[in-house]
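Have a look at the structure below, then the notes.
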Amino acid sequence: MPTYASKEWLDEVQSRLNRDPGVESGAKGLTADLQYVIEAEPDQGFPTTREVGWRMDGGKCVETWEGMRAADFVMVAPYSVFKRVNTGEASAADVMMKGELQIQGELSELMANMGALGAMQAVLEAMAVEGVTEWPG
Amino acid sequence: MARVAPPRGERRERILASATSLFEENGFHGAGIDDIAAAAGVTGPAIYRHFKNKDAVLVALFDRLAERLAAIVATVAPLDGRSGLETLVRLHVRLAFEDRALIVVYISEERNLPESERRRVRRFQRAYVEAWADRLRPLRPDLSDDERRTAVHAAIGLLNSTGYRRQVGLPRGQAEDLLARMALVALLDA
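Listed in order, the protein sequences are those of chains A and B. With the working numbering applied, the first sequence corresponds to residues 2 to 138, in that order. With the working numbering applied, the second sequence corresponds to residues 1499 to 1688, in that order.
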C-alpha cells in the first residue's frame, strides 16, 4: 500500500487520474502544474515537509514529481489538513475559506477549472475510501 | 499561466492581520512598514524576511481575499439552480462580515497595487463576477449577459457595503439574512 505523498503514491495517483473519465473530460482544457506542499506535523506522524506535484495536460496527468517546482498552482497546508481533504472529511473549499489551506496562483484560472479540480479531488478521495493510501500516523 | 512559489508562517499571518487593520484605518500610504511590524510584534527587518516591501504586503492581502472568494465558488460548484445562487450569496455575505476590514482594503486600495498586480486582480474580479453571472443565467434567461453582469455587480456591491460600518445595528445573523434576501431580490426579481 503506497504511503501518502510517496513516489509510489504519486504513481498510483497518475495512473488513476489517467483512467478516470471525469478527469479526462473535466480537465480537458487545463494545462497546469499543481504543487502540493505538505507541511510537517511530527505529532501526527508526518515528521518532515514533503513537496509533490503533477502536471495536467489535455485531460491527462503527464508527469509527476517529488520536490518543489515553480508551479501554476501551489497548495500549502499542514499534513492533517491535506489528510482531511484527501479523505473527504473536509472539502477543499472549507479549508481554503478558513485559511487552513492556501492556494497560490492565478485564481481566475482556478475558478474556471473547478470541474477539473473537483474530478481530481474525487480520485484522491476514492483512493482513501478504497484503502489504497497508507496514512502516516 | 504565471508561476508562483509558496508563502507561509504564523508570523506572516500576524503581519497580514496587522497590515489589514492599519491599511483600513490609515490607508496604504498612512501606514509604514515599521508601523505594520510594530503592530505585528516583529522587528522592522524581520518583516522583510516575509515581504519584499509594503507593496508585497498589499498584494498578499488581495491574494488572501481572492482565495476566500475562490473557495466560495468551489463550494457552490456542485450545486444547481436557485440553491446554488442562494448559497453563493449567503457565503459571500458571511465573508463580508467575517473579513469586513479586508474587504474595505480590497475596495479602497486597489489603486495602490503595482500595475501588473492590478491587472491580475481585475482578471480575478471579472472571473468572480462571471461565476455569479453563470449561476444567474438559467434563472434569469430574460436578461442579456450585460444585464446579468450589471445585476451581479450591484448585488456584490450591496453585500460589500456592510464593510464600511463596524456596527450595523442588528444582530449579525439577522443582518446577514437581510442582506442576503435583498441581494437575491436584486438578482432574481428586479
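Heads up, the beta-carbon is just placed ideally off N, CA and C, and yes, glycines get one too. Just so we're clear, the structure is a prediction, and the values are computed from it rather than from any experiment.
request  = Return the CA-CA distance between residue 1561 of chain B and residue 1567 of chain B, expressed in angstroms with no decimal places.
outcome  = Approximately 10 angstroms, taken between the alpha carbons.
Candidates A:54, A:77, A:126 and A:109: closest to residue 89 of chain A by CA position = Closest option to residue 89 of chain A, judged by alpha-carbon separation, among A:54, A:77, A:126 and A:109: A:126.
request  = Going by CA-CA distance only, name the one from B:1574, B:1582, B:1565 and B:1605 that's closest to residue 77 of chain A.
outcome  = Residue 77 of chain A has its Cα closest to that of B:1565, out of B:1574, B:1582, B:1565 and B:1605.
ask   = Any idea if residue 1508 of chain B is buried or exposed, counting beta-carbon neighbours within 10 angstroms, 16 or more meaning buried?
value = The residue is exposed, with fewer than 16 neighbouring Cβ atoms inside 10 Å.
key: Segments of 3+ residues assigned as beta strand (DSSP E) that fall wholly inside the segment 57-124 of chain A   = Positions of the beta strand (DSSP E) runs, each at least 3 residues long and wholly inside the segment 57-124 of chain A, are given as 61-67, 74-79 and 103-106 in order along the chain.
request  = Assign residue 30 of chain A to one of three DSSP states: helix, strand, or coil.
outcome  = Here residue 30 of chain A sits in coil by DSSP.
inquiry  = Whole angstroms are fine: how far does the CA of residue 1517 of chain B sit from the CA of residue 1547 of chain B?
reply    = Cα to Cα, residue 1547 of chain B sits roughly 16 angstroms from residue 1517 of chain B.
Helix, strand or coil at residue 1542 of chain B according to DSSP, with G and I counted as helix = DSSP places residue 1542 of chain B within a helical segment (H, G or I) once states are collapsed to three.
ask   = Along chain B, which residues have their Cβ under 7 angstroms away from the Cβ of residue 94 of chain A?
value = Here the neighbours are 1569, 1572 and 1573.
Stretch pair the segment 56-67 of chain A + the segment 80-100 of chain A: three plus CB contacts closer than 8 angstroms = Counting Cβ pairs under 8 angstroms, fewer than three are found: no touch.
ask   = Is residue 1672 of chain B buried or exposed, if buried means 16 or more other CB atoms sit within 10 Å of its CB?
value = Residue 1672 of chain B is classed as exposed because its beta carbon has fewer than 16 other beta carbons within 10 Å across all chains shown.
request  = For the alpha helix (DSSP H) containing residue 2 of chain A, list its first residue and its last residue.
outcome  = Here residue 2 of chain A belongs to no alpha helix (DSSP H), and DSSP marks it neither H nor E.
request  = Give the residues from the segment 99-114 of chain A that approach chain B closer than 8 angstroms (Cβ to any Cβ), ordered along the chain.
outcome  = Listed by position, the residues of the segment 99-114 of chain A near chain B (Cβ gap below 8 angstroms) are 100, 103, 104, 105, 106, 107, 108, 109, 110, 111, 112 and 113.
request  = Could you work out which residues of chain A lie near residue 1625 of chain B, taking near to mean beta carbons separated by less than 7 angstroms?
outcome  = Residues of chain A with a Cβ closer than 7 angstroms to the Cβ of residue 1625 of chain B are, in chain order, 109, 112 and 113.
message = Counting only beta-carbon separations shorter than 8 angstroms, does residue 1504 of chain B have a partner in chain A?
response = Unreliable positioning characterises residue 1504 of chain B in this predicted model, as indicated by a pLDDT of 48, which lies under 50. A coordinate reading is not provided.
request  = Mind checking who residue 37 of chain A pairs with in its DSSP beta bridge?
outcome  = A:53 and A:76.
ask   = Roughly how many angstroms separate the alpha carbons of residue 1674 of chain B and residue 1596 of chain B, rounded to a whole number?
value = When rounded, the separation of the alpha-carbon atoms in residue 1674 of chain B and residue 1596 of chain B is 11 angstroms.
ask   = Between the C-alpha atoms of residue 116 of chain A and residue 1575 of chain B, what's the straight-line distance to the nearest angstrom?
value = Per the coordinates, the alpha-carbon of residue 116 of chain A lies some 8 angstroms from the alpha-carbon of residue 1575 of chain B.
query = Using the beta-carbon of each residue, which ones in chain B are nearer than 8 angstroms to residue 97 of chain A?
reply = Result: 1565, 1566, 1568, 1569 and 1572.
query = Going by C-alpha distance, which of A:68, A:104, A:120 and A:108 is nearest residue 83 of chain A?
reply = For residue 83 of chain A, the closest alpha carbon among the candidates A:68, A:104, A:120 and A:108 is that of A:104.
task = Compare the C-beta of residue 23 of chain A with all C-beta atoms of chain B and state if any pair is closer than 8 angstroms.
result = Interface annotation, residue 23 of chain A: not in contact with chain B, CB-CB separation never under 8 angstroms.
N- and C-terminal bounds of the alpha helix (DSSP H) containing residue 1579 of chain B = Element bounds for residue 1579 of chain B: 1579-1596.
request  = Locate the alpha helix (DSSP H) running through residue 1658 of chain B, then write down its first and last residues.
outcome  = From DSSP, the alpha helix (DSSP H) with residue 1658 of chain B extends over 1643-1658.
ask   = residue 21 of chain A: buried (16+ other C-beta within 10 angstroms of its C-beta) or exposed?
value = With 16 or more neighbouring CB atoms inside 10 Å of its own CB, residue 21 of chain A falls in the buried class.
Interface partners of residue 119 of chain A on chain B, CB under 9 angstroms = Ordered by position in chain B, the residues that pass the 9 angstroms Cβ test against residue 119 of chain A are 1572, 1575 and 1576.
key: Alpha carbon of residue 24 of chain A to alpha carbon of residue 1686 of chain B, nearest angstrom   = When rounded, the separation of the alpha-carbon atoms in residue 24 of chain A and residue 1686 of chain B is 33 angstroms.
query = Does the beta carbon of residue 1758 of chain B come closer than 8 angstroms to any beta carbon on chain A?
reply = With chain B running from 1499 to 1688 in the structure shown, residue 1758 of chain B is simply not present.
request  = Would you please verify whether the beta carbon of residue 1643 of chain B is less than 8 angstroms from any beta carbon of chain A?
outcome  = It does not; no Cβ of chain A falls within 8 angstroms.
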